[in-house]
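Report on one structure; see the data block that follows.
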Amino acid sequence: MTDAARLTGRDLRVLGQVRVRQGLARVRAAWFPILQAAVAGAIAYAIAHYWLGHAIPFFAPVCAWIALGFTLDRSVRRVAELAVGVAIGVGLGDLVAHVIGRGIWQIAL
277 MTDAARLTGR
287 DLRVLGQVRV
297 RQGLARVRAA
307 WFPILQAAVA
317 GAIAYAIAHY
327 WLGHAIPFFA
337 PVCAWIALGF
347 TLDRSVRRVA
357 ELAVGVAIGV
367 GLGDLVAHVI
377 GRGIWQIAL
């Protein structure tokens, strides 16, 4: 019999409580980066939608999230470099899609 099969209801409840506490501790430790990423995504969406007139600016908040990254190294220079790089990549991808079209073969190319 495996160890998982031997767990009682009490064991599962305690294990669940431990997991919840660990998850809450991770969220408490990362509340500022989470807030920062959410605000950056909202600002990027607003800029792309209202200032640039994009109907569905899906990639703007994605660019913000990628630029902020998932590490603690969030220096202004690193974030700016990544944001510019992602924006250039998305722009080139859009340009190529306009030139060669969109479809399965174009994605494979």
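Under this note's numbering, think of the first position of the sequence shown as 277, with each following residue one higher.
Where a beta carbon is used, it is the ideal one built from N, C-alpha and C, also for glycine.
key: For W325, three-class secondary structure by DSSP   = For the purposes of this step, residue 325 is taken as the residue at position 49 of the sequence shown. In the sequence under discussion, the amino acid at residue 325 is His, which differs from the Trp named in the question. Three-state DSSP puts H325 in a helix.
ask   = Which term fits F335, buried or exposed, when burial requires 16 or more other beta carbons within 10 angstroms of its beta carbon?
value = Counting from 1 along the sequence shown, the entry for residue 335 is found at position 59. The residue in question, F335, is buried, as its Cβ has 16 or more Cβ neighbours within 10 Å.
key: Presumed contact (8 angstroms Cβ cut-off) between C339 and A313, rounded CB distance   = To locate residue 339, count along the sequence shown from 1; it is residue 63. To locate residue 313, count along the sequence shown from 1; it is residue 37. C339 to A313, Cβ: 12 angstroms. No contact.
ask   = Is the beta carbon of A373 sitting closer than 7 angstroms to the one on L358?
value = Locating residue 373 in the sequence shown gives position 97, where the first residue counts as 1. Locating residue 358 in the sequence shown gives position 82, where the first residue counts as 1. Going by C-beta atoms, A373 is not nearer than 7 angstroms to L358.
request  = Mark Y321 as exposed unless 16 or more other C-beta atoms lie within 10 angstroms of its C-beta, in which case mark it buried.
outcome  = On the sequence shown, residue 321 is found 45 positions in, with the first residue counted as 1. The residue in question, Y321, is buried, as its Cβ has 16 or more Cβ neighbours within 10 Å.
message = I'd like to know whether the C-beta atoms of P337 and G369 end up nearer to each other than 7 angstroms.
response = Your numbering for residue 337 matches position 61 in the sequence shown. Your numbering for residue 369 matches position 93 in the sequence shown. Against a cut-off of 7 angstroms, the Cβ pair of G369 and P337 comes out as no contact.
task = Can you give me the Cβ contacts of Q298 inside the same chain, cut-off strictly under 6 angstroms, excluding the 5 residues immediately before and after it?
result = The residue you call residue 298 lines up with position 22 of the sequence shown. For Q298, where only same-chain residues beyond five positions count, there are no Cβ hits under 6 angstroms.
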